[in-house]
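Quick note, the sequences are listed as chains A and B, same order.
The numbering of the first sequence is the working numbering, which starts it at 80 and goes up by one.
The numbering of the second sequence is the working numbering, which starts it at 197 and goes up by one.
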Amino acid sequence: MEEFFNRYKKELTWLFYAIAIALVLLFLREQLADKKAARIVQTLISGVLVGGIYGLVALGIVVINKASGVFNFAHGWMMVVGGMIFWSFFTVAEISVPGAALLSAATMFMIMTAVSLRSLLQPRNLTIAVGGALALTLLMTVGGIELKWLHAIVGASAGAVLTGLVVERFTIRPLIGQPLFTAVLMTLAIAEVLHGLTQIAWGTVELNLPIFVNPETNRRFSVIRLDSLKDMLGGVTIVRVELVIAFVLAIVAFVGFIAFFRYTSVGLAMRATSEDQQLAQSVGLRVRVILAITWAVAAILASIAGVLQGGAVGLSLNISFVALRVFPAVLLGGLESIGGAFIGGLIIGIVEQFGTFLNSSQQVGTDLAPYVVLMLVLVIRPDGLFGEKRIERI
Amino acid sequence: MANIHPAGVFDTTYEEDMSVDRTPRDKLWKNLAFVALLLVPLLSVSGPLGLISDQYVGLIARIAIFVIAAQGLNILVGYTGQISLGHAAFMAIGAYSSAILARELGFTFWTALPVSAVLTGLIGLFFGLPSLRVKGFYLAMATLAAQFIIPWVLRYPLEGITGGTRPLNVPAPLIGPFASYADDPIDDATPLVFQAGDPYLVDVISLELGRVDGAQPAIELRNPSGDIVPPGDFNMTVFRDADGELTGFSYIATKPGEYAVTATAEAGATAFRARVRRGKALSFATETAMYYIIVPLSVFLMFLARNIARTRTGRAFISVRDNDLAAELLGINVFGYKLRAFFLSAVYAGIAGCLLAYERNSLSLDMFRLDISIEMLAMLIIGGAGYPLGALFGVTFIRVLQEAAIPALRPWLLEILPVLFPFIEVVNITSAINPILFGGALIVFLVLEPRGIAHRWEVLKVAWKIRPYAY
Numbered sequence: 080m081e082e083f084f085n086r087y088k089k090e091l092t093w094l095f096y097a098i099a100i101a102l103v104l105l106f107l108r109e110q111l112a113d114k115k116a117a118r119i120v121q122t123l124i125s126g127v128l129v130g131g132i133y134g135l136v137a138l139g140i141v142v143i144n145k146a147s148g149v150f151n152f153a154h155g156w157m158m159v160v161g162g163m164i165f166w167s168f169f170t171v172a173e174i175s176v177p178g179a180a181l182l183s184a185a186t187m188f189m190i191m192t193a194v195s196l197r198s199l200l201q202p203r204n205l206t207i208a209v210g211g212a213l214a215l216t217l218l219m220t221v222g223g224i225e226l227k228w229l230h231a232i233v234g235a236s237a238g239a240v241l242t243g244l245v246v247e248r249f250t251i252r253p254l255i256g257q258p259l260f261t262a263v264l265m266t267l268a269i270a271e272v273l274h275g276l277t278q279i280a281w282g283t284v285e286l287n288l289p290i291f292v293n294p295e296t297n298r299r300f301s302v303i304r305l306d307s308l309k310d311m312l313g314g315v316t317i318v319r320v321e322l323v324i325a326f327v328l329a330i331v332a333f334v335g336f337i338a339f340f341r342y343t344s345v346g347l348a349m350r351a352t353s354e355d356q357q358l359a360q361s362v363g364l365r366v367r368v369i370l371a372i373t374w375a376v377a378a379i380l381a382s383i384a385g386v387l388q389g390g391a392v393g394l395s396l397n398i399s400f401v402a403l404r405v406f407p408a409v410l411l412g413g414l415e416s417i418g419g420a421f422i423g424g425l426i427i428g429i430v431e432q433f434g435t436f437l438n439s440s441q442q443v444g445t446d447l448a449p450y451v452v453l454m455l456v457l458v459i460r461p462d463g464l465f466g467e468k469r470i471e472r473i
Numbered sequence: 197m198a199n200i201h202p203a204g205v206f207d208t209t210y211e212e213d214m215s216v217d218r219t220p221r222d223k224l225w226k227n228l229a230f231v232a233l234l235l236v237p238l239l240s241v242s243g244p245l246g247l248i249s250d251q252y253v254g255l256i257a258r259i260a261i262f263v264i265a266a267q268g269l270n271i272l273v274g275y276t277g278q279i280s281l282g283h284a285a286f287m288a289i290g291a292y293s294s295a296i297l298a299r300e301l302g303f304t305f306w307t308a309l310p311v312s313a314v315l316t317g318l319i320g321l322f323f324g325l326p327s328l329r330v331k332g333f334y335l336a337m338a339t340l341a342a343q344f345i346i347p348w349v350l351r352y353p354l355e356g357i358t359g360g361t362r363p364l365n366v367p368a369p370l371i372g373p374f375a376s377y378a379d380d381p382i383d384d385a386t387p388l389v390f391q392a393g394d395p396y397l398v399d400v401i402s403l404e405l406g407r408v409d410g411a412q413p414a415i416e417l418r419n420p421s422g423d424i425v426p427p428g429d430f431n432m433t434v435f436r437d438a439d440g441e442l443t444g445f446s447y448i449a450t451k452p453g454e455y456a457v458t459a460t461a462e463a464g465a466t467a468f469r470a471r472v473r474r475g476k477a478l479s480f481a482t483e484t485a486m487y488y489i490i491v492p493l494s495v496f497l498m499f500l501a502r503n504i505a506r507t508r509t510g511r512a513f514i515s516v517r518d519n520d521l522a523a524e525l526l527g528i529n530v531f532g533y534k535l536r537a538f539f540l541s542a543v544y545a546g547i548a549g550c551l552l553a554y555e556r557n558s559l560s561l562d563m564f565r566l567d568i569s570i571e572m573l574a575m576l577i578i579g580g581a582g583y584p585l586g587a588l589f590g591v592t593f594i595r596v597l598q599e600a601a602i603p604a605l606r607p608w609l610l611e612i613l614p615v616l617f618p619f620i621e622v623v624n625i626t627s628a629i630n631p632i633l634f635g636g637a638l639i640v641f642l643v644l645e646p647r648g649i650a651h652r653w654e655v656l657k658v659a660w661k662i663r664p665y666a667y
């Protein structure tokens with residue numbers, strides 16, 4: 080008997096998964112039997128759209144975890160900080176010349192450094208950077224309210240990078256060599272401090288961030304009605320435009336960051352560092368600088384996610400809870416897998432929307448379902464779908 | 197840290213090496229500290245001396261409650277090396293189960309305390325089960341799931357008995373009633389008047405309903421001026437029989453005064469007869485009285501944890517923390533000991549939750565959010581994880597910071613900050629000081645002294661014992 084189990088262990092495991100999935104599908108069939116097909120499709124669509132943003136949040140957590148082995152519990156509050164900084168620059172009427180110059184210089188420095196660490200030492204790149212900074216300053220000061228988009232993007236990315244660097248320098252770097260538990264608590268402490276600081280600076284009231292507005296009417300978009308599917312699904316499917324735009328932007332950001340990791344020298348250095356820090360150091364990479372840049376990149380990812388989430392559903396301190404729902408997505412996708420982060424985000428988004436759809440009064444979707452998924456992942460497949468297999472069984 | 201004794205004291209036996217109080221002086225200091233702690237309520241305004249404000253008595257009681265919870269966490273985190281992010285949820289189970297046992301099933305505090313503690317322990321055991329497959333960070337995620345799943349279950353599926361998002365009143369602990377000296381029948385519109393005088397020796401009124409068919413009887417309590425008494429002045433317990441039928445109520449006055457009880461059958465009730473029984477009982481409704489339950493229990497549980505750490509079980513915990521592979525090779529059942537640590541730690545959390553419920557007299561799920569779990573971990577780190585006194589130091593530090601330092605700082609900050617940063621609105625400062633100072637303190641400790649205050653205390657103690665020769 081035991082020999083049989085050992086011999087067909089893999090097949091039996093897959094059989095077990097198949098039975099479990101079949102049971103879940105049967106349960107869903109039972110639950111969804113009396114619902115309209117249109118509502119189900121609508122829930123699926125909005126789940127995917129919400130999941131896109133979750134994937135972006137998960138990417139930020141995975142990037143830090145891959146590079147430095149720290150699981151960032153403060154990611155939700157970094158989202159809030161990024162979103163709030165974006166809001167401040169978005170709503171401010173005009174920006175002073177020195178401020179604009181400083182922000183432009185910082186942005187150009189960031190862009191050039193992100194391509195390659197030493198690129199500013201070459202005269203050609205230095206000229207491009209100075210020219211770009213001057214042009215950006217001119218645009219920001221002359222453009223006025225028309226170019227508030229530019230203000231907000233430049234200001235928010237500078238703010239996010241600053242947040243990431245400060246957090247890394249003063250809290251994470253002193254912990255090198257400490258046990259895992261210390262790093263977990265440190266990120267929780269950062270979360271508390273960021274919570275307090277955002278509350279002091281921006282208050283607890285929900286802020287209006289009108290980024291997804293119809294440029295012609297300057298109002299919120301009306302919803303898309305998928306009338307062509309009406310006959311097939313037996314009802315009208317409604318899709319929120321804000322979520323679609325946020326999803327598309329999230330995909331763009333996701334692809335952009337994957338390109339950054341694949342094609343720029345800094346991105347390659349980050350991947351090398353995350354593979355093996357000592358080896359990276361021995362081929363001449365500056366591991367400390369790379370770790371600092373990793374935090375800055377993660378902070379930018381958090382800011383983008385914060386802005387998209389804030390624009391789609393409203394900007395308040397509550398969007399930090401999104402990160403709590405993303406933790407299951409990260410574990411589901413695998414702690415080291417960038418593609419897994421996106422898939423995990425999509426799955427959690429769909430699970431959440433279906434939970435809300437089936438039982439809207441008890442907040443099953445947001446308060447229960449992601450954590451049940453988390454428990455299941457931990458019990459069945461702790462390494463996630465695409466994570467590295469660890470041989471640690473005790 | 198090696199045991200360092202005063203000059204002339206040497207360990208010659210194993211017992212001497214393991215003893216908690218190595219010299220008579222150690223014992224004397226501990227006993228003096230305990231007696232001093234018990235004398236604190238006598239100094240308060242409601243005691244005979246009236247020197248210090250009542251709020252310090254409450255502060256010490258709350259510190260003692262959280263010391264119990266943090267000590268449980270210390271067993272899990274400090275000794276066994278497992279991370280728990282769901283301890284507040286375990287406290288919530290202890291608090292809600294003890295309150296519901298008292299309200300719905302007529303348990304007294306004294307029986308509800310152990311039952312709820314064991315129940316919490318079993319639920320902690322359940323959430324410790326993933327430690328069979330995962331460890332370290334993954335286990336922390338499993339307890340994080342517990343932190344969300346448990347309050348959800350308390351809030352929605354169990355709303356009927358927990359009250360959901362509304363606060364739940366908890367009766368005060370009693371000893372007694374000693375004598376029941378009245379046994380009056382009561383019917384419609386004949387009010388029953390009784391006196392509730394002394395806050396320590398209270399009147400207990402219990403209404404036994406004969407048979408209630410149909411609707412529930414309306415029971416009203418009015419004070420002499422005819423107003424309905426606010427719920428906070430009374431603790432009410434409902435008794436039901438096995439079928440869930442209402443069989444009676446019990447009222448306990450928590451404030452002195454004269455009250456009248458009327459019982460009216462609602463329309464639709466075909467049979468209704470009530471009988472009132474009155475008696476005196478020793479009540480722990482006041483803060484000072486609860487102090488004498490909480491503080492000795494807390495001290496006892498501290499010593500229990502200290503002694504568990506010295507036994508075979510405690511040594512097994514420490515070996516699991518230091519190197520689980522080596523522990524397994526030594527023949528220690530690692531999974532079994534992890535589960536034991538989860539059970540013990542959840543029992544401590546359950547006791548703390550139960551005491552919190554009875555100390556506050558009112559429960560809400562907001563008292564057990566994720567922040568509180570994080571706060572308890574922070575208390576442990578600041579105090580020193582793995583040290584017997586770590587929990588005490590950490591809880592005292594955070595509580596004193598929150599309840600004494602922040603109120604002292606607030607007016608000063610309210611003046612300074614808006615001047616320095618003109619964009620800040622004054623309204624937002626007050627609620628934001630707490631997380632900033634708390635998180636800041638945690639960061640400072642993690643960077644500068646990850647072993648916590650307890651480590652400094654040990655260093656100080658050694659320096660004192662070997663004075664005046666430092667080497």
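We put the CB at the ideal spot given by N, CA and C, even for glycine.
Check: Residues of chain B with CB under 8 angstroms from G314/A, in chain order?; Outcome: The premise fails here: G314/A is roughly 29 angstroms from chain B at the closest Cβ pair, so nothing lies under 8 angstroms.
Check: For V241/B, name the three-state secondary structure that DSSP assigns.; Outcome: coil
Check: Extract the residue ranges of the beta strand (DSSP E) inside the segment 220-272 of chain B, only unbroken runs of 3 or more that lie entirely within it.; Outcome: none
Check: How many Å lie between K227/A and F169/A at the Cα?; Outcome: 5 angstroms
Check: Listed from N- to C-terminal order along the chain, which residues in the segment 374-395 of chain A have their beta-carbon within a distance smaller than 9 angstroms of any beta-carbon of chain B?; Outcome: none
Check: Taking one C-beta from the segment 333-346 of chain B and one from the segment 445-452 of chain A each time, how about it: are there three or more such pairs within less than 8 angstroms?; Outcome: yes
Check: Using a threshold of 8 angstroms, state whether the C-beta atoms of G434/A and A116/A are closer than that.; Outcome: no
Check: Please list the partners that F539/B has in chain A, where partner means a Cβ-to-Cβ separation under 9 angstroms.; Outcome: Residues of chain A passing the Cβ test: none, with the nearest at roughly 19 angstroms.
Check: Which bits of chain B does Y450/A rub up against, with CB to CB less than 7 angstroms?; Outcome: A341, F344 and I345
Check: Could you pull the start and end residues of the alpha helix (DSSP H) that V458/A belongs to?; Outcome: A448 to I459
Check: Would a check of beta-carbon distances place E271/A closer than 8 angstroms to chain B?; Outcome: yes
Check: What number of angstroms, rounded off, separates the C-alpha of P220/B from the C-alpha of L228/B?; Outcome: 12 angstroms
Check: With DSSP run on the structure shown, which of helix, strand or coil describes S512/A?; Outcome: Here chain A covers residues 80 to 473 and nothing more, so residue 512/A does not appear.
Check: Does the beta carbon of A97/A come closer than 8 angstroms to any beta carbon on chain B?; Outcome: no
Check: State yes or no: is the beta carbon of V330/B nearer than 8 angstroms to at least one beta carbon in chain A?; Outcome: yes
Check: Grab me the residues of L638/B's own chain with a C-beta within less than 8 angstroms of its C-beta, minus the 5 sequence neighbours each way, in chain order.; Outcome: A574, I577 and I578
Check: Do you know whose CA, among Q388/A, V272/A and I369/A, lies nearest S627/B's CA?; Outcome: V272/A
Check: Counting Cβ pairs closer than 8 angstroms, one from the segment 318-329 of chain A and one from the segment 366-380 of chain A, do we hit at least three?; Outcome: no
Check: Which chain A residues sit within Cβ distance under 7 angstroms of G147/B?; Outcome: The question about residue 147/B has no answer, for chain B in this structure spans 197 to 667.
Check: Would you mind sorting N144/A into buried or exposed? The rule is 16 or more other CB atoms within 10 Å of its CB.; Outcome: buried
Check: So what does DSSP say about I379/A, is it helix, strand or coil?; Outcome: helix
Check: Is there at least one Cβ from chain D nearer than 8 angstroms to M163/A's Cβ?; Outcome: The structure shown contains no chain D; its protein chains are A and B.
Check: Who are L364/A's beta bridge partners in DSSP?; Outcome: Answer by DSSP bridge pairing: none, since L364/A is not bridged.
Check: Which chain A residues are close to N557/B, counting only those with a beta carbon under 7 angstroms from its beta carbon?; Outcome: By Cβ distance, chain A contributes nothing, its closest Cβ being about 27 angstroms from N557/B, past 7 angstroms.
Check: Is N365/B helix, strand or coil when you go by DSSP?; Outcome: strand
Check: Mind listing the chain B neighbours of F260/A? Cutoff is C-beta to C-beta under 7 angstroms, in chain order.; Outcome: I279
Check: Closest to A486/B by CA distance: which of P237/B, F230/B and L224/B is it?; Outcome: A small fix is needed here, since residue 486/B is Met in this sequence, not Ala. Answer by Cα proximity: P237/B.
Check: Buried or exposed: D520/B, going by 16 or more other Cβ atoms within 10 Å of its Cβ?; Outcome: buried
Check: Between I98/A and the ligand ADP, is there a pair consisting of the residue's CB and a ligand heavy atom that are separated by less than 7 angstroms?; Outcome: What this structure holds is no ligand at all, so the ligand ADP is not there to describe.
Check: Can you tell me whether G390/A is buried or exposed, with buried defined as 16 or more other CB within 10 angstroms of its CB?; Outcome: buried
Check: Under 8 angstroms Cβ-Cβ, which residues of chain B neighbour G282/A?; Outcome: E621, V623 and N624
Check: What residues in its chain sit with their C-beta under 8 angstroms from that of A336/B, if we drop five residues either side in the sequence?; Outcome: I279, S280 and L281
Check: Report yes if the CB atom of G546/B is closer than 8 angstroms to the CB atom of G317/B, and no otherwise.; Outcome: yes
Check: Assign Q388/A to buried or exposed, taking buried as 16 or more other Cβ atoms, counted over all protein chains shown, within 10 Å of its Cβ.; Outcome: buried
Check: Could you tell me the alpha carbon to alpha carbon distance between G419/A and F465/A, rounded to whole angstroms?; Outcome: 6 angstroms
Check: Which first and last residues belong to the beta strand (DSSP E) in which L305/A is found?; Outcome: I303 to L305
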